[in-house]
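Asks:
Number of protein chains: 2
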Amino acid sequence: MITREEQRAAQAYAAEQLEAAGVALTVAERAQIEVADFGLGDLLTTGLMLLVYVNTDRYCAKELVLYPRQSCAEHRHPPFDGTPGKEETFRVRRGTVELCVDGSLHELREGGQYTIPPDTLHWFRAGPEGAVVTEFSSTSRDDLDVFTDPAITRAPVVDA
Amino acid sequence: MITREEQRAAQAYAAEQLEAAGVALTVAERAQIEVADFGLGDLLTTGLMLLVYVNTDRYCAKELVLYPRQSCAEHRHPPFDGTPGKEETFRVRRGTVELCVDGSLHELREGGQYTIPPDTLHWFRAGPEGAVVTEFSSTSRDDLDVFTDPAITRAPVVDA
Chain L
1 MITREEQRAA QAYAAEQLEA AGVALTVAER AQIEVADFGL GDLLTTGLML LVYVNTDRYC
61 AKELVLYPRQ SCAEHRHPPF DGTPGKEETF RVRRGTVELC VDGSLHELRE GGQYTIPPDT
121 LHWFRAGPEG AVVTEFSSTS RDDLDVFTDP AITRAPVVDA
Chain F
1 MITREEQRAA QAYAAEQLEA AGVALTVAER AQIEVADFGL GDLLTTGLML LVYVNTDRYC
61 AKELVLYPRQ SCAEHRHPPF DGTPGKEETF RVRRGTVELC VDGSLHELRE GGQYTIPPDT
121 LHWFRAGPEG AVVTEFSSTS RDDLDVFTDP AITRAPVVDA
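Right, here's the structure in full:
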């Protein structure tokens, strides 16, 4: 669970990082920044912030923002609706990212890019300066993500 | 036809504009920036510069860079391989863009975004400061683009 205060602070951090990466946001977009802690209640360590630009039935684009050393837990994007599952390309805009795909580690710096095949286990973690990563992909269905840690729930719950 | 000098100058301009928009490029990417004049030989007026980040059989992402007042001529992305044709979302990173879709004009500023349906006529033109536009889309097949002006050829020809 995320407290309202954690959510607000994370949205403000993400907006600041995106701005520093040269991304202009509308007021509506700032409020739409999603804060995900995967239900673990330890946002600064495990989780991420997301801004979805577009998600049609053909493609999707998002910005992912991470706190320093924050990691997105291992998961895969399974097949759905007759598709092989979400295929995604990460491109680092700011900071550094350690990306692990199917057990292989990749160190990505600004301008670094990597395409993750569908239905393939992966996790990633920001370096000491945090990170901004643009994700280009096929259609996104976050609700279908399969996490390795059975304690994880993808949909964020914010304390009312 | 584009001269080598025009091509080099356009690539340098595009790299500079992308950098100013906060986009970090690798050395290989700088050299890969495509300069398109649509065969009209009047690049500063009609044409654009493109950097393709990724183009899989499911999605595509590019940066488009335009000189001040430069326009991309009216065209559409027709159906192919059993798909309805390329669907694309423009997001303005820098400068302003006038986008005309099916006869309707849209003024986009930094952070402005618009999704163009497949097989739909559109053109766009940068404002007085030029423009950087990120394009998120389904798979791109530029060679299939249908331009309204019959004098246009999409594949760039550079003077040897």
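Just so you know, the protein sequences line up as chains L and F, in that order. Residue 60 in this note's numbering is what sits at position 60 of the first sequence, and the numbering runs on without skipping anything. Residue 97 in this note's numbering is what sits at position 97 of the second sequence, and the numbering runs on without skipping anything. The C-beta atom is built at its ideal place from N, Cα and C for all residues, glycine as well.
What three-state label does DSSP hand residue 110 (chain F) in the structure shown?
Replies: Three-state result, residue 110 (chain F): coil.
Asks: By the three-class DSSP mapping on this structure, what secondary structure does residue 144 (chain L) have?
Replies: DSSP places residue 144 (chain L) in helix when its eight states are reduced to three.
Asks: If we ignore side chains and look at the alpha-carbon of each, how far apart do residue 131 (chain L) and residue 155 (chain L) end up?
Replies: Cα-Cα distance, rounded: 22 Å.
Asks: Can you give, in chain order, each stretch of the beta strand (DSSP E) that sits fully within the segment 62 to 145 of chain L and has at least 3 residues?
Replies: Qualifying beta strand (DSSP E) stretches, in chain order: 71 to 76, 88 to 101, 104 to 108, 113 to 116, 122 to 137.
Asks: So, using beta-carbon positions, are residue 22 (chain L) and residue 111 (chain F) closer together than 8 Å?
Replies: Not a contact, by the Cβ cut-off of 8 Å.
Asks: Is the CB of residue 82 (chain L) under 8 Å away from at least one CB in chain F?
Replies: Cβ-Cβ to chain F under 8 Å: no for residue 82 (chain L).
Asks: Return the Cβ separation of residue 152 (chain F) and residue 40 (chain F) in integer angstroms, given the expectation that the two are a contact with Cβ distance under 8 Å.
Replies: Indeed they touch by this definition, with Cβ atoms about 7 Å apart.
Asks: Which residue's Cα is closest to the Cα of residue 62 (chain L): L:73, L:56, L:50?
Replies: Nearest option by C-alpha distance: L:50.
Asks: Look up residue 34 (chain L) in the DSSP assignment and give the residues it is bridged to.
Replies: In the DSSP output, where bridge partners are listed per residue, residue 34 (chain L) has L:50.
Asks: For a contact defined as C-beta to C-beta under 7 Å, what are the partners of residue 25 (chain L) on chain F?
Replies: Going along chain F in sequence order, the residues near residue 25 (chain L) (Cβ under 7 Å) are 111.
Asks: Sorted by chain position, which residues of the same chain lie with C-beta nearer than 6 Å to residue 52 (chain F)'s C-beta, five sequence neighbours on each side aside?
Replies: Only 62 meet the Cβ criterion.
Asks: Over what stretch of residues does the alpha helix (DSSP H) that includes residue 18 (chain L) continue unbroken?
Replies: 4 to 20 is the extent of the alpha helix (DSSP H) around residue 18 (chain L).
Asks: Give me the residue from L:94, L:57, L:123 with the minimum Cα distance to residue 87 (chain F).
Replies: Residue 87 (chain F) has its Cα closest to that of L:57, out of L:94, L:57, L:123.
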